[in-house]
Amino acid sequence: MTSRYNPQEAEPHWQSVWTEQDIFRALPPSEAGEAPKAYILEMFPYPSGKAHMGHVRNYSMGDVVARYKKAKGFNVLHPMGWDAFGMPAENAAMERGTHPGTWTYANIDHMRGQLKKLGLSLDWSRELATCNADYYGLQQRIFLKFLEKGLVYRKSAKVNWDPVDMTVLANEQVIDGKGWRSGAEVEQRELTQWFFKITDYAESLLTELKTLDRWPEKVRLMQENWIGRSEGLQMRFEFDGAAPNDHDYGIEIFTTRPDTLFGASFIALSPDHPLTLQLAQDNPDLQAFRSECAKLGTSEEAIEKAEKLGFDTELKVMHPFEDRTLPVWIANFVLMGYGTGAIFGCPAHDQRDLDFARKYHLSVTPVVLPEGESKHHYAIENQAYTGPGKIYNSDFLDNLPKDAAILAAIARVEEMDLGRGTTEYRLRDWGVSRQRYWGCPIPVVRCKSCGIVPVPESDLPVRLPDDVSFDTPGNPLDRHPTWKHVKCPDPACDEMCERETDTLDTFVDSSWYFARFAAGPDNDMSEAAYWMPVDQYVGGIEHAILHLLYSRFFMRGMRDCGLLDLPGGEPFAGLFTQGMITHETYKSSDGRWIAPDELEERDGALVEAATGDAVTRGAIEKMSKSKRNTVDPTAIIEQFGADVARWFVLSDSPPERDVEWTQAGAEGAARFVQRVWAIFDALPDDAKDASRGDSEAAADLRRTSHKSLASIEKAIDEFRFNSAVATIYEWVSALKKAEAAGDNLAHARHEGLSMLAICLTPFMPHLAESCWQRIGQTGLVSTAPWPKTDTALLVDDTITLPIQVNGKRRSEIRVAADATKPDVEALAMSDPATQNFLEGKSVKKVIVVPGRIVNIVVA
RNA sequence: GCGGGCGUGGUGAAAUUGGUAAACACAGCGGACUUAAAAUCCGCCGGCCGUUAAGGCCUUGCCGGUUCAAGUCCGGCCGUCCGCACCA
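Numbering (our numbering), first residue to last: 1249 to 2107.
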């Protein structure tokens, strides 16, 4: 009679053994010897207070890789920390009257406890929280280096301002034009803010995406689109007659279609263009037009439906090539943030320009003739033509194809000294100022005499003051009685100055934490250079753009400021984006969401346990608080153990796809844990010393074990954990069957089980330790080296070959693995089952693919 | 609108150089053990035809193509999900 495995006893036991023996500590380079390094990292969590299943999946995947690499002999760095600044702490402070720090550190303590229960192979000695002053102090140092290097600057920019909460809102926090918390109408405000000059690296960030061959194609594409490079022409149109004040130079525009210049019918300025602003000063109608434009939000839906709006300035500019003028309009669809904030309109070949021209009765002249159209009959109705074609109606460009015409037009404009060919990027500089308390203080002061003065290194970190309150809206730093006021850092200056009260965007905190982990407790940057880049980064696809792009920027900046020796500037050599955890949703008859643990099955129907009301099943969706379809990992660990939770989230779906959490699936995983334990428990104690035997059955079992090992290894290498899991299932079944053979297979079973225990370790480390110990192995399986496959056992002596007749499978034959083509053909042709299908037909061709298939083609 | 992914049994999926489609698991069904239940173990489990059977035919969203051979490659549709979006 076999015993049962008890995870509630085994898991805490093994966790304490691992901690006591300190087996997951990363070795500094001086102690690593010959071992190559492997830096495995999962995106660090925001300490919201509760770990969720998404964390379990994320960290289980990282742990598979980390434990596997360790077994493979790598010096592994696998750290954990906390992305601890941010708004939720301030919201909690407002709601409960606690200090954001108190709330955050309590959450960290709680979540650390939860993560420790998962049995992850983490090096906790490098734990960090971004809200620790020793972390953000270093960040302030980096900020000042960037400032010195010209990678940080100030400019005035528009922000979403919530007049009730007196705070700036991110675009995602503006819902239907209203603040997400206060519900107040959001205003656009101009504020002077700090920016990182990410656009300096636009070209490098774009072209070096190609070197990231261990990143998902999808993420590289998203970044490519986000950076949005386009080549074109920047040129000016000179005014016809007197230019408005300060605009003698003319109007500068950017276009990717200089080939259509002869089709130009108007110039359009952005409502925020400097010339627009100047004209608006003494034109109330234009002021009214501008505020109308401002009202039309920039949300996705609004843009789709937005009507084209125009305002005629009555100014005229001259066409560069022709003796005619173009009217200058102001149009709501021209963005100040891209190009020069002004365009020339060619309605025939741009849909927006066409909509605009039709509305305001401007001319429409086609200049690109699609293939097969006649220039006498071709006309544009309400559909602009943007495809390829031959240029016409265009003087010196006539008859050129589109691409050649673009080059010719640029050349001519450059000759005339009206402009030059340029490259534009969609990417904007990164605004990092946040008018909030719970973030990294920006280490500068504003002096009336000296301007912006960096806080001297010796005065870093600029610490957040603790004595703040959140009873009144706005940034507590801004109204702090003492913190804000300091003497000018310049010794030659006696002025009293004000500190910058803005703090940094929390994306800054997460843009270099991996380098801080790598630098170790003493912040040794040469150790950081040893570990960087991260060999395998694992996290959610939601960070495909911002976090990953900002981190790439930061590493380039730190490299160029001499802060980190990372020649390529790429922080993450390998990236994996995992799918989400989903769960069925449930609704009561009155439309309330019901949580899974509030349900009961009564008489075959689903009801709410508390009320007995009928419940309907809804869609399977991402686990979320609002739909109440979450499952608490701690409850699962208490019920089934951490190994079951880990096994389940890795088992069914490919890691990049969503996985549905089901109670039945978790129970299935729990049954498997017992099944595994049972085959270890059933091994006789003397099996290790049993005679090896040379039976065919023993050889078969050994082949199964070594083939399974090789296939698991390959699956882990390729991030196909679900395939590794399937192989383990098959292997376990084979080992179970072998029990029936008794002593005969004892030795082969012992070998297989030893190998299996090691293969199980990355997935279910606690169970693996217990199994390892049960079969009399010494030491910890967590530190055991990965077994070597006996390649001789990977090939079979004889194999089964399917036989097709005209491409349909009809029979199969057993042949020696090294049989020659003629032998195989002869064997196939003489196979009785095959002959049935050949009767009365003439064989035209026989295709033999050794080791694969035989196909007989008959007439 | 632009860019990209995905579509295989009741369900999650596998088939990773074009070579036996559905491995493995979940759910379901049947059986063994048991006074009974739980647990465990064994078997069946794409569709149609075939009384059981032997066997046959069909089947990877749809239509067509390339090939001895297509889930896989090519062309065209349909559906669905994601990202960006008045970016000149």
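All C-beta atoms in this analysis are idealised placements derived from N, C-alpha and C, irrespective of residue type, glycine included.
Can you look up residue i in the DSSP assignment and give me helix, strand or coil?
i, result
"ARG1484", "strand"
"ASP1410", "strand"
"PRO1519", "coil"
"THR1546", "For THR1546, the pLDDT reaches just 48, beneath the cut-off of 50, and the residue's location in the model is therefore unreliable, leaving the point undetermined."
"ILE1271", "coil"
"GLU1257", "helix"
"PHE1394", "helix"
"LYS1873", "coil"
"GLN1784", "strand"
"ASN2103", "strand"
Any idea which residues DSSP pairs residue i with across the strands?
i, result
"LEU1197", "Lying before the first or after the last residue shown, residue 1197 is absent from the chain, which here runs from 1249 to 2107."
"ARG1747", "VAL1693"
"PHE1537", "DSSP output for PHE1537 lists no bridge partner at all."
"VAL1324", "ALA1286"
"LYS1564", "PRO1575"
"ALA1926", "Answer by DSSP bridge pairing: none, since ALA1926 is not bridged."
"VAL2043", "In DSSP, VAL2043 forms no bridge with anything."
"HIS1733", "GLU1746"
"VAL1701", "VAL1693"
Count the other CB atoms, across all protein chains shown, that sit within 10 Å of the CB of residue i; report buried if there are 16 or more and exposed otherwise.
i, result
"PRO2033", "exposed"
"PHE1718", "buried"
"VAL2097", "exposed"
"ALA1644", "Sequence inspection shows Phe at residue 1644; the Ala mentioned does not correspond to that position. When all chains shown are included, PHE1644 counts as exposed."
"ARG2057", "exposed"
"TYR1977", "exposed"
"ARG1940", "exposed"
"TYR1497", "exposed"
"GLU1279", "exposed"
"ASN1473", "exposed"
"HIS1624", "exposed"
"MET1803", "buried"
"ILE1288", "buried"
"PRO1255", "buried"
"GLY2088", "exposed"
"ARG1344", "exposed"
Can you give the Cα-Cα distance for residue i and residue j, rounded to whole angstroms?
i, j, result
"ARG1437", "ASN1355", "35 Å"
"GLU1856", "ASN1630", "57 Å"
"CYS1736", "THR1749", "15 Å"
"ILE1964", "VAL1312", "8 Å"
"SER1452", "ILE1628", "41 Å"
"THR1975", "PHE1967", "14 Å"
"LEU1675", "GLY1669", "19 Å"
"GLY1367", "GLU1259", "8 Å"
"VAL1924", "LYS1365", "21 Å"
"THR1561", "GLU1486", "15 Å"
"TYR1383", "PRO1709", "9 Å"
"GLY1229", "LYS1320", "Given that the chain is displayed from residue 1249 to residue 2107, the structure contains no residue 1229 and the question cannot be resolved."
"TRP1577", "SER1518", "9 Å"
"TYR1586", "TYR1673", "8 Å"
"THR2068", "SER2059", "19 Å"
"CYS1541", "GLU1435", "13 Å"
"GLU1743", "CYS1695", "7 Å"
"GLY1889", "ASP1808", "48 Å"
"GLN1535", "ALA1528", "5 Å"
"VAL1612", "ASP1665", "27 Å"
Should the region 1873-1887 be called in touch with the region 1292-1309, which here means at least 3 C-beta pairs below 8 Å? yes
Are there three or more Cβ pairs, one per stretch, closer than 8 Å when the region 1378-1386 is compared with the region 1330-1342? yes
Report yes or no: do three or more beta-carbon pairs, one from the region 1925-1942 and one from the region 1985-1996, lie closer than 8 Å? yes
Given 8 Å as the limit, is there contact between the region 1686-1704 and the region 1384-1392, that is, 3 or more CB pairs closer than that? yes
Does the count of Cβ pairs from the region 1829-1839 and the region 1463-1483 closer than 8 Å reach three? no
Using 8 Å as the threshold, is the region 1517-1531 in touch with the region 1602-1614, meaning 3 or more CB pairs across them? no
Meets three-Cβ-pair contact criterion under 8 Å: the region 1753-1770 and the region 1723-1733: no
Decide if the region 1503-1511 is in contact with the region 1565-1579; the criterion is three or more beta carbon pairs, one per stretch, under 8 Å apart. yes
With three or more C-beta pairs closer than 8 Å as the rule, is the region 1894-1906 touching the region 1858-1865? no
Counting Cβ pairs, one atom from each stretch, are 3 or more of them under 8 Å apart for the region 1899-1918 and the region 1820-1831? yes
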